[in-house]
Every structure is written in structure tokens, then in C-alpha cells.
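Reading through the C-alpha cells given below for one structure.
Residue numbers (our numbering): -9 to 66.
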């Protein structure tokens, strides 16, 4: 699955989780997934704890973070 396909799994809805990027319209955010990974959880552990998630959801979170980190910020 390419990056653009993965990014389609990320949804942003103003009334859900304060407009934070979520996974497939669910209430789990990209930030949640990245926090679990940063805390040392493996992809397998995350998938065990959240059986409604798929491996591609974790990859989508990483792809989204990479895209956000690649944006150019112009200082004033």
C-alpha cells in the first residue's frame, strides 16, 4: 500500500476529538498511536490492545507524521 493510500485512513472531523487526525473515523488519534510507539509498545502489542485497528492504521499514523514533519515552516 503506497503512502497516499495509507493517508486515506486518516480522518479529521471538527466534532470528533477536537478535530485531531483520527484513524478511519474512530476516536483513536494519530497522536495516540505515535505515543504508544514512542513509549516502546510494538506494533503487535498495539494491535493486541486495540483489536479494531489494523497494521495499516499504524503505518498510516507514521506516514501522516512524516508528512507533517516534512512541511516547510516560514518564520516571520
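A virtual CB, placed ideally from N, CA and C, is assigned to each residue, including glycine. This one's a predicted model, so the numbers in the text were calculated from it and none came from an experiment.
Could you compute how far the alpha carbon of residue 27 sits from the alpha carbon of residue 51? 10 angstroms
Neighbour-count burial assignment, residue 29, 16 or more Cβ in a 10 Å radius: exposed
Measure from the alpha carbon of residue -3 to the alpha carbon of each residue in 13, 8, 4, 6, then state which is nearest. 13
Considering only their Cβ atoms, is the gap separating residue 11 from residue 23 smaller than 8 angstroms? no
Just verifying my parser: in three-state terms, what is the DSSP assignment at residue 23? helix
Tell me residue 1's beta-bridge partners as DSSP assigns them. 12
Rounded separation between residue 5 and residue 18 - CA only: 14 angstroms
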